[in-house]
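Participant: The working numbering applies: residue 570 is where the sequence shown begins, and numbers increase by one.
One structure coming up, written as structure tokens, with questions to follow.
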Amino acid sequence: MTFFSAIASLPFKVSILRSVGAKIFAIAASLLAIMVLVAVVASQMARIVSDELTLIEQHYVPAYSALARAHIRSVEEDLAVRRLIVHVRSGDMTTNEHNEAYRADIFKAIEGVRSELGVTRQHLAALLAWDSYFHNDQAIARVDAQLEMMLEIFSKEERVLTPVLDGLAAEDWQKVYGALDAIEDRTTEINERLERYRTEMRSILQTAASNARSFQENLMLANMIVTILACALGLVAAGFITRSLVRPVKALLLGAQRIESGSLDVDLPVSSRDEIGQLTASFNVMVEELRKKERIRDTFGRYMDPRIVEGLLERPDLAHSEGERRVMTVLFCDMQGFTALSERLSPAALLAVVNRYLTLMSEPVRQHNGVIDKYIGDAIMAYWGPPFVASDRQAMLACEAALDMMKQLDRFNAELPDLIGMRGNLPKINIRIGIATGEMLVGSIGSEFSQSYSVLGDSVNLASRLEAANKSYGTRIMINTQTRNMVGDQFALREIDMMRVVGKTEPERVYELYGPAGAVQHERDTAFAEALAAYRQGNWAAARRYLEQKAGEDPLAEAFLTRIAILEKDTPEAWDGIWTMTQK
């Protein structure tokens, strides 16, 4: 059982806890739970504050207000008594009508005191019955007890005032004067006590309000602290989860960037069992497959052009295609003097020489975007054309590669003594190149067991024949008409013959490529052009005259002088200026 199949076989609860979605859900659920908890606690504490404010509004303040009014009624009673005392002591003996008025005011005030004290006690009883966090039950009970005593006092207040009132009614002034002093002292004491109870009740009210306010401030502070802690916890949890998610994702990104830059030395650690871990494992498998494919490219790139390998790997359908006809340019290059050299070298030395030679000769082909089709011993076959290069540049790139191969030849001859360990009596190595442009069949060629992506056609054979024909003409690079038409005046060229190669019935006008555009060969080219015109007309003497002017410096002129000598002895009956090659 593989790792991933084992993961897939686990119970749903286990597997889902290892998923990215479960982690994100866990963070969200935790934060939501904390928020709900904070909201519940805050709501509960707010309810407590609200209840306390309700108590203050409905009981504390009314109790204090009722006690204050009781005090006021007591003061009113005291004032009424004092007015009566003033009248009595002033000697202004009023009538019973006035006495009854004083009596009504005094008893009204007493009744008001009793009523307000009763209201106060009702509120205090409600406070004592309420289970509050901020009550000072002892202080409230103490005030309530004192107010109960005051009610008892005021319930007897009428009996205290009765002797005075009765004395006034009977005009028993001695009895009145005897009771007034005691009443005055008693009223003063009662007012002082009520003032003290009112002050104590105000203190209780202020303490309750202060406690509620303090609790509210603490509630706000607690909410702030809990909120900060919840945010911090959420950030820590989110940071942890984010880090556990972002780090492997960032590692995947960096790995992908390294692969994009061409480095396949990437192996990421699988640090989790969630989707990111599975993605990382799949990434490693993908990299291993890329490494295998790269090894295939590296291995087969030595035997086949890397672009063909790349194309066949990316588009396997090309290997099974039926091929198509395209205009392509083919180059054949062969070493001259190889046989003489091989006879003097050991197999190992000969192999080193051939490999170095093929390396140097292959560089210009690759640098000019050519495709090396095959190595045939010391010979090279390469081609240019779509889809590897633009069709209008193929001939030019092939000619540039041929000229650069000539430069590489000088480098090879300079290295040759070191390659074979000999300094003297070395054969001069030269190369011959044939280039032909024309319609060819392009595609996978071979048996069902072994194939190669190559080109076939008359133009391929023509390029091979042109390479071999250089030996007869003393030239080094020979191209056909279509190649010459495509390159135009971009190179130094000269027409050298109209010939019919082996295997073809139609003649081909061929040209020598000897340098880049502007190469100084004008005098030699002019002399040979005049000789070639006379040669085609069968005017051997005129042709020889022109050729002999450059025979010592132009191998092509010497080749034509040899041919004219043969033609003078055996001139064809119908001479048309076309030379037929008898050898490949």
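Each residue gets a CB set at the ideal place from its N, CA and C atoms; glycine is no exception.
On a predicted model such as this, the values are computed, not experimentally measured, just so you know.
Of all the alpha helix (DSSP H) runs that stay within the bounds of the stretch 1035-1100, which reach a length of 4 or more residues?
Facilitator: 1050-1056
Participant: What is the rounded straight-line gap between the Cα of Q1152 and the Cα of V1071?
Facilitator: 7 Å
Participant: Could you please give me the residues that DSSP links to Q905 through a beta bridge?
Facilitator: N999
Participant: Can you tell which of A825, R782, G681 and R1063 has the C-alpha that lies nearest to the C-alpha of L622?
Facilitator: R782
Participant: Could you pull out every residue in the same chain whose Cβ sits closer than 6 Å to the Cβ of N792, ignoring the five residues on either side in sequence?
Facilitator: The beta carbon of N792 sits closer than 6 Å to those of A611, all from its chain and outside the five residues before and after it, given in chain order.
Participant: Can you name, in chain order, every residue of its own chain whose Cβ lies under 6 Å from the Cβ of V688, other than the five neighbours on each side?
Facilitator: Short of 6 Å from the beta carbon of V688, and not among the five residues preceding or following it, lie these beta carbons of its own chain, in chain order: A635.
Participant: Quick one: residues in its chain with C-beta nearer than 6 Å to the C-beta of T1149, no 5 flanking neighbours on either side, listed in chain order?
Facilitator: R1069
Participant: Mind the definition here: the stretch 794-805 touches the stretch 597-608 only if three or more C-beta pairs lie below 8 Å; say whether that holds.
Facilitator: Verdict: yes, contact present.
Participant: DSSP on H889, reduced to helix/strand/coil?
Facilitator: Because the pLDDT of H889 is 48, which lies under 50, any placement of that residue in the model is unreliable, and the number read from its coordinates should be weighed accordingly. Residue state, collapsed to three classes: helix.
Participant: Spell out the partners DSSP gives A951 in its beta bridges.
Facilitator: Answer is L900 and I941.
Participant: Where F852 and L821 are concerned, what is the direct C-alpha to C-alpha distance, given to the nearest angstrom?
Facilitator: 8 Å
Participant: Taking DSSP as the reference, what is the three-state secondary structure of L1010?
Facilitator: strand
Participant: Using three-state DSSP, classify G1107 as helix, strand or coil.
Facilitator: It is coil, neither helix nor strand.
Participant: Would you identify the three-state DSSP class for R842, choosing helix, strand or coil?
Facilitator: Under the three-state reduction of DSSP output, R842 falls in the coil class, being neither helix nor strand.
Participant: Applying the 10 Å Cβ sphere with the 16-neighbour rule, what's the burial state of G1012?
Facilitator: buried
Participant: Please list, in chain order, all residues of the same chain as V609 whose beta carbon is under 8 Å from its beta carbon, the five residues on each side excluded.
Facilitator: none
Participant: Mind checking whether A1156 and Q1118 have CB atoms under 7 Å apart?
Facilitator: The structure shown does not extend to residue 1156, since the chain is modelled only from 570 to 1153, so the question has no answer here.
Participant: Look at the alpha carbon of M991 and the alpha carbon of L985, and state the distance between them as a whole number of angstroms.
Facilitator: 8 Å
Participant: Could you say if the stretch 958-977 and the stretch 893-900 meet the contact criterion of at least three C-beta pairs nearer than 8 Å?
Facilitator: Yes: the two stretches touch, three or more of their Cβ pairs being nearer than 8 Å.
Participant: From this set, T908, M1067 and Q826, which residue's C-alpha is nearest V922's C-alpha?
Facilitator: Ranking the options by Cα distance to V922, first place goes to T908.
Participant: Go ahead and pull the three-state DSSP assignment for T689.
Facilitator: helix
Participant: Going by DSSP, which residues form a beta bridge with F642?
Facilitator: Contrary to the premise, residue 642 reads as Arg rather than Phe in this sequence. In DSSP, R642 forms no bridge with anything.
Participant: Are there three or more Cβ pairs, one per stretch, closer than 8 Å when the stretch 1019-1032 is compared with the stretch 914-928?
Facilitator: no
Participant: Taking C-alpha atoms, which residue in G892, V934 and E1081 lies nearest to I1009?
Facilitator: Looking at the sequence shown, residue 1009 is not Ile but Met. The shortest C-alpha separation from M1009 is found at G892.
Participant: Could you tell me the boundaries of the alpha helix (DSSP H) in which Y926 lies?
Facilitator: P916 to Q936
Participant: Among A778, E786 and F981, which has the Cα closest to the Cα of E626?
Facilitator: Considering only A778, E786 and F981, the residue with the shortest C-alpha distance to E626 is A778.
Participant: What is the DSSP secondary structure of V835, counted as helix, strand or coil?
Facilitator: coil
Participant: Is the stretch 1037-1053 close to the stretch 939-959, with three or more CB pairs under 8 Å?
Facilitator: no
Participant: Take H889 and list the residues in its own chain whose beta-carbon comes closer than 6 Å to its own, dropping the five residues that flank it on each side.
Facilitator: Per-residue confidence for H889 stands at a pLDDT of 48, beneath the threshold of 50, marking its modelled position as unreliable; the derived number appears in the next sentence. Counting only Cβ-Cβ distances below 6 Å, and skipping sequence neighbours, we find nothing.
Participant: Looking at the strands, I want to know which residues DSSP matches up with I1004.
Facilitator: Paired residues: L900 and I1048.
Participant: Grab me the residues of Y629's own chain with a C-beta within less than 8 Å of its C-beta, minus the 5 sequence neighbours each way, in chain order.
Facilitator: Excluding positions up to five away in sequence, the list reads H692, L696, I773, L774, A777 and A778.
Participant: Please state the DSSP three-state secondary structure of S1016.
Facilitator: Assigned with DSSP and collapsed to three states, S1016 falls in coil, not helix or strand.
Participant: Alpha helix (DSSP H) containing T1131: first to last residue?
Facilitator: P1124 to K1138
Participant: Quick one, which of Q1020, L1025 and L910 has its alpha-carbon nearest N994's?
Facilitator: L910
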